[in-house]
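Chemist: Dropping a structure here in structure tokens format, bear with me for questions.
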Amino acid sequence: KRTIGLVWVALAVLPAASLLAVPPKVVETVPRNGDLNVDPDLRELRFVFDQDMSTGGYSICGGGPLFPKTVGRPRWADSRTLVMRVQLAGDHEYRLSVNCPAAQKCHNIAGESAVPYPVQFRTAASEGMAQPATTGAQDNAQAASRLREAIDTQYSYKDLRGVDWDGLFVEHTPALKGAKNPAAFAEAAAKLLAHARDMHIWVELADTTVQPFKRDIVRNYNLDTLAKVVPAFQKRSAVVYTGRFENGVGYIRIDSWDSRHTQALEQVYVALRELAGARGLVIDVRPNGGGAELLAGEFAGCFIDKPVVYAKHVYRDADAPSGFGPLQERILEPSPDAPRDRPKYRGKVAVLMGPANMSSCEAFLLMMKQVPGCKLVGAASYGSSGNPKPVDLGNGVTVYLPSWKALRPDGTCLEGQGIAPDLAVKTTPVELEAADPVLQAAVLLVAPR
């Protein structure tokens, strides 16, 4: 997967009212998220919200070659429709987001920021460019059959959410069989798979990845506020931030466990060594959506003295009587002294968590629950862990499906439920613009008495 630099277009405006309101959401986009045959002559991108917005500002995030070339500034066509004029290239992938953690100037008149809404699409080949290979009805039928078989035999959460797969395939098979090329087939497959509401399902075509389902969450943190309320706040790397409170409590924020940030994550150990004498430590992973579980485990191992079971799982096995293979345990090991000397910490620890946490970051939360005296503070995590595996449909399209059922140490499934905090702290987006109640509660919890 490619990484894009972050830029944003933002105009600051003051809220017109201080009343608490439901956070606005994007309900329609042109082009639609996941479209793979967008006309390169399209000149306007449109984002439609579910309620009246403050039209004095906006945030459209993205950057690099995946961000569309803009023509002038975005504008509000009306109180619910944001328009962005663009020049698109043929046969090109684009990615952008309305609002993002770093910029949230799309908000309603009460000051509630819109839920971030990523959009990705790919344009068709322009006139004169080599056109994509066409596919016949027979090839499409075989690919659709492979997809159905994979859902039945390989998808670990097939029955979790009560999806009517028989009905869905009846509804979507005409579009799958009638697809003129692999891109059209991938788009049709993504529409079908969106009904699973599973963040660990995606569709790949060449170098383009389509996420059929977009989760709808309200984050329990504000990055701008954090930079103001954490004393001695410092950016250590692209994903690591630190600080220290006057009472001696240390602060480490980790925004990702992605293996692309392996070198950047080395700064957590530098920070942990510097905070070794702190009598309390707050680890903030609220912005963290996951990544590599091994990297998360290496850090969590700094807080334990002996191996401990932190999670279990079962792999999908269609031939087994239960439909799943044998129960397997995942064990957290203490971080070794060699080949790299990792610091140890045995003081009080609180981990800040919330609905943005999923996948390998939820594994990290389960790891830290095994640390003696550690408390999880904030809101429940999202509840999504699938260990997805590729399924080649034979027509240039590959679908990734979850292969295991992730379980807590007691054997209960966390998919769709998440992990509950030890100390729940409620927040609102408006409240988070000036303070951070989750952080405040955690600092009090671990502060020296």
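For the sequence shown, our numbering gives the first residue as 363, with consecutive numbering after it.
Ideal Cβ positions, reconstructed from N, Cα and C, are used throughout, including at glycine.
(1) Can you tell me the Cβ-Cβ gap for S697 and C664, rounded? I've got them flagged as a contact below 8 Å.
(2) Going along the chain, which residues of its own chain have a beta-carbon closer than 8 Å to the beta-carbon of R457, five neighbours each way excluded?
(3) Roughly how many angstroms separate the alpha carbons of Q690 and P436, rounded to a whole number?
(4) Where are the alpha helix (DSSP H) runs, 4 residues long or more, that stay fully inside the region 509-571, in chain order?
(5) Closest by CA to S743, which one among P764, M720, F726, D754?
(6) For V410 and A476, I'd like the C-alpha separation in whole angstroms.
(7) I need the DSSP call for A594, collapsed to helix, strand or coil.
(8) Let me confirm a value: V671 is counted as buried when at least 16 other C-beta atoms fall within 10 Å, else exposed. Which label applies?
(9) Using DSSP's beta-bridge definition, name the partner residues of E390.
(10) I need the boundaries of the beta strand (DSSP E) containing C423, first residue and last residue.
(11) Tell me whether P783 is buried or exposed, calling it buried when 16 or more other Cβ atoms sit within 10 Å of its Cβ.
(12) L444 to W438, Cα distance in whole Å?
(13) Am I right that R447 and T432 are in contact with their C-beta atoms under 8 Å? What's the rounded C-beta distance?
(14) Given a cut-off of 8 Å on the beta-carbon distance, is the pair M415 and R442 in contact?
(15) Roughly how many angstroms lie between the CA atoms of L373 and K467, to the nearest whole one?
(16) Taking the alpha-carbon positions, what's the A797 to A506 distance?
(17) Measure how close the beta-carbons of R509 and P544 come, nearest whole angstrom, since I'm counting them as under 8 Å.
(18) Exposed or buried, Q802, counting other C-beta atoms within 10 Å across all chains shown (16 or more means buried)?
(19) Quick one: Cα of E660 to Cα of I693, how far?
(20) Looking at C-alpha atoms only, which residue of P478, R635, N470 is the closest neighbour of C462?
(21) In whole angstroms, give me the CA-to-CA distance for D403 and A487.
(22) Using DSSP with H/G/I as helix, E/B as strand and the rest coil, what is H816?
(23) Can you give the Cα-Cα distance for V336 and G605, rounded to whole angstroms?
(24) I'd like to confirm the pairing. Which residues does DSSP put opposite T443 in its beta bridges?
(25) For K751, I'd like the list of residues in its chain whose CB is within less than 6 Å of its CB, leaving aside the five on either flank, ordered along the chain.
(26) Using CA coordinates, which residue listed in P810, Y519, R704 is at the minimum distance from L627?
(27) Check for me: the beta strand (DSSP E) holding Q690 runs from which residue to which?
(28) Give me the Cα-Cα distance between T760 and E549, rounded to the nearest whole angstrom.
(29) Considering Cα atoms alone, identify which of R615, K706, N584, Y762 is closest to A594.
(30) Count the other C-beta atoms from every protein chain shown that fall within 10 angstroms of the C-beta of V774, then say buried if there are 16 or more, exposed otherwise.
(31) Whose C-beta lies closer than 6 Å to the C-beta of R811 among residues of the same chain, with five residues either side of it excluded?
(32) For my contact list, V805 and M715 are in at a C-beta cut-off of 8 Å; report their separation, rounded to the angstrom.
(33) Counting along the chain, where does the alpha helix (DSSP H) carrying M720 start and finish?
(34) Which stretch, first to last residue, makes up the beta strand (DSSP E) that contains L398?
(35) Which first and last residues belong to the alpha helix (DSSP H) in which G659 is found?
(36) Per DSSP, what kind of secondary structure is P771 in: helix, strand or coil?
Modeler: The structure says:
(1) Locating residue 697 in the sequence shown gives position 335, where the first residue counts as 1. Locating residue 664 in the sequence shown gives position 302, where the first residue counts as 1. Contact between S697 and C664 holds: CB atoms are separated by about 5 Å, below the 8 Å threshold.
(2) Counting from 1 along the sequence shown, the entry for residue 457 is found at position 95. Only I366, G424, L428, F429, P480, V481, Q482 meet the Cβ criterion.
(3) Working through the sequence shown from its first residue, we reach residue 690 at position 328. Working through the sequence shown from its first residue, we reach residue 436 at position 74. Distance between the alpha carbons of Q690 and P436 is about 52 Å.
(4) Listed in chain order, the complete alpha helix (DSSP H) runs (minimum 4 residues) inside the region 509-571 are 527-539, 544-555.
(5) Locating residue 743 in the sequence shown gives position 381, where the first residue counts as 1. Nearest to S743 by C-alpha distance, out of P764, M720, F726, D754, is M720.
(6) Taking the first residue of the sequence shown as position 1, residue 410 is located at position 48. Taking the first residue of the sequence shown as position 1, residue 476 is located at position 114. Near 11 Å, if we compare the C-alpha coordinates of A476 and V410.
(7) Here the question's residue 594 lines up with position 232 in the sequence shown. It is coil, neither helix nor strand.
(8) The residue given as residue 671 occupies position 309 in the sequence shown. That one is exposed.
(9) The residue you call residue 390 lines up with position 28 of the sequence shown. For E390, which the question treats as bridged, DSSP gives the partners V410.
(10) Here the question's residue 423 lines up with position 61 in the sequence shown. In the DSSP assignment, C423 falls within the beta strand (DSSP E) that extends over 421-424.
(11) The count along the sequence shown starts at 1 and reaches residue 783 at position 421. Label assigned to P783: buried.
(12) For this step, residue 444 is matched to residue 82 along the sequence shown. For this step, residue 438 is matched to residue 76 along the sequence shown. The straight-line gap from Cα to Cα measures roughly 5 Å.
(13) Along the sequence shown, one-based indexing puts residue 447 at 85. Along the sequence shown, one-based indexing puts residue 432 at 70. Contact between R447 and T432 holds: their C-beta atoms lie close to 7 Å from each other, under 8 Å.
(14) Here residue 415 refers to the residue found at position 53 of the sequence shown. Here residue 442 refers to the residue found at position 80 of the sequence shown. Yes, these two residues count as a Cβ contact at 8 Å.
(15) Start at 1 with the first residue of the sequence shown, and residue 373 comes out as number 11. Start at 1 with the first residue of the sequence shown, and residue 467 comes out as number 105. Any answer about L373 is weak, because its pLDDT of 35 lies below 50 and its placement is not dependable; what the coordinates show is given next. Roughly 7 Å between the two C-alpha positions.
(16) Mapped onto the sequence shown, residue 797 falls at position 435. Mapped onto the sequence shown, residue 506 falls at position 144. Taking the straight line joining both Cα atoms gives about 51 Å.
(17) Sequence index remark: in the sequence shown, residue 509 carries index 147 (1-based). Sequence index remark: in the sequence shown, residue 544 carries index 182 (1-based). The sequence shown places Leu at residue 509, not Arg. Rounded to whole angstroms, the Cβ separation of L509 and P544 is 13 Å, and the two are not in contact under 8 Å.
(18) Along the sequence shown, read from residue 1 onward, the residue named residue 802 stands at position 440. Exposed, since its Cβ has fewer than 16 Cβ neighbours within 10 Å.
(19) Within the sequence shown, the letter at position 298 stands for residue 660. Within the sequence shown, the letter at position 331 stands for residue 693. Going by the C-alpha atoms only, they are around 12 Å apart.
(20) On the sequence shown, position 100 is the one that residue 462 refers to. Comparing Cα-Cα distances from C462 to each of P478, R635, N470, the minimum goes to P478.
(21) Locating residue 403 in the sequence shown gives position 41, counting from the first residue. Locating residue 487 in the sequence shown gives position 125, counting from the first residue. If you take the alpha carbons of D403 and A487, they lie about 10 Å apart.
(22) Any answer about residue 816 is impossible in this case: the structure gives the chain only from 363 up to 811.
(23) Outside the shown range of the chain (363 to 811) lies residue 336, about which nothing can therefore be said.
(24) Along the sequence shown, read from residue 1 onward, the residue named residue 443 stands at position 81. In DSSP, T443 forms a bridge with V410, D440.
(25) Taking the sequence shown and counting its residues from 1, the one referred to as residue 751 is at position 389. By the criterion of a C-beta distance shorter than 6 Å, K751 is surrounded in its chain by S765, once the five residues flanking it on both sides are discounted.
(26) Here the question's residue 627 lines up with position 265 in the sequence shown. L627 has its Cα closest to that of R704, out of P810, Y519, R704.
(27) Along the sequence shown, read from residue 1 onward, the residue named residue 690 stands at position 328. Its beta strand (DSSP E) spans residues 690-694.
(28) In the sequence shown, the residue the question calls residue 760 occupies position 398. In the sequence shown, the residue the question calls residue 549 occupies position 187. Each residue's CA atom was taken as its position, placing T760 and E549 some 12 Å apart.
(29) For the purposes of this step, residue 594 is taken as residue 232 along the sequence shown, with counting starting at 1. Check the Cα spacing between A594 and each of R615, K706, N584, Y762: the tightest is with R615.
(30) In the sequence shown, residue 774 corresponds to position 412, counting from 1. In the sequence on display, residue 774 carries Thr and not Val. With fewer than 16 other Cβ atoms inside 10 Å of its own Cβ, T774 counts as exposed.
(31) Start at 1 with the first residue of the sequence shown, and residue 811 comes out as number 449. Residues of the same chain with a CB within less than 6 Å of the CB of R811, apart from the 5 flanking positions on each side, do not exist.
(32) Looking up residue 805 in the sequence shown gives position 443. Looking up residue 715 in the sequence shown gives position 353. Wrong, their Cβ atoms sit about 15 Å apart, outside the cutoff.
(33) Counted from its first residue, the sequence shown places residue 720 at position 358. Boundaries cannot be given for M720, as no alpha helix (DSSP H) includes it and DSSP labels it neither H nor E.
(34) Working through the sequence shown from its first residue, we reach residue 398 at position 36. Taken as a continuous stretch (DSSP letters only), L398 belongs to no beta strand (DSSP E), as it is neither H nor E.
(35) Residue 659 sits at position 297 when you count from the first residue of the sequence shown. 655-662 is the extent of the alpha helix (DSSP H) around G659.
(36) Against the sequence shown, residue 771 aligns to sequence position 409. P771 falls in the coil class under three-state DSSP.
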